[in-house]
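Undergrad:
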Amino acid sequence: MSKVVWVSAPLGIKGDLESWKSFMNSNYPNPAMGNIYLMNYENGERVGYKFKGFHPTSGDKWWERVKEEIVESYFDKWLNKAVMGDEDSVLNGMTQALNSEIRSSMESLYDEGFDDEILADFAHQMSKR
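Following our numbering, the numbering of the sequence shown begins with 924 at its first residue and continues without gaps.
1) Using 8 Å as the cut-off, can you tell me whether the stretch 980 to 989 makes contact with the stretch 1001 to 1016, which would need three or more C-beta pairs spanning the two stretches below that distance?
2) What three-state label does DSSP hand serine 931 in the structure shown?
3) DSSP three-state call for lysine 962: helix, strand or coil?
4) Taking 7 Å as the limit between beta carbons, can you name the residues of its chain near isoleucine 1041, skipping five residues before and five after?
5) Within the 8 Å Cβ cut-off, does leucine 1042 reach chain C?
6) Roughly how many angstroms separate the alpha carbons of leucine 1002 and aspartate 1009, rounded to a whole number?
7) Between which two residues does the alpha helix (DSSP H) harbouring lysine 975 extend?
8) Tell me, please, which residues DSSP counts as bridged to lysine 984.
9) Three-state secondary structure (DSSP) at glutamate 991?
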């Protein structure tokens, strides 16, 4: 399963900053430090604003504009290839291994050095639950 990370996405200074600050203050009066607050725009764009705390000089709330970036790990690539038959693996055709909960646990086992057969057995047993 791919993971989403948030990366900085500055736009530069555009538009009415005071209106934007007012909007953020009224919609997020008590933001938690480090949390990302999402805005979905009519054009389908999804932008996040990460609350960084209070600006040291102005005392204003300090926001960072961020965007989603999909990151696929080595394990994700390997598992997809194994399930689809692109790798010589006993996981070939075991689509239950792609279930997010099963996949997450399998990644931990993979990181500990367990081989394909153990991972396949684990996926099979977990899919019975």
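Just so you know, even glycine gets a beta-carbon here, dropped at the ideal spot from N, CA and C.
TA: From the atom records:
1) no
2) Correct three-state label for serine 931: strand.
3) Per the sequence shown, the amino acid found at residue 962 is methionine instead of lysine. Strand, per DSSP.
4) Leu1032
5) The structure shown contains no chain C; it holds only a single protein chain.
6) Their backbone Cα atoms lie some 10 Å apart in a straight line.
7) No alpha helix (DSSP H) contains lysine 975, which is instead part of the beta strand (DSSP E) from 969 to 977.
8) Looking at the DSSP assignment, lysine 984 forms a beta bridge with Phe977.
9) strand
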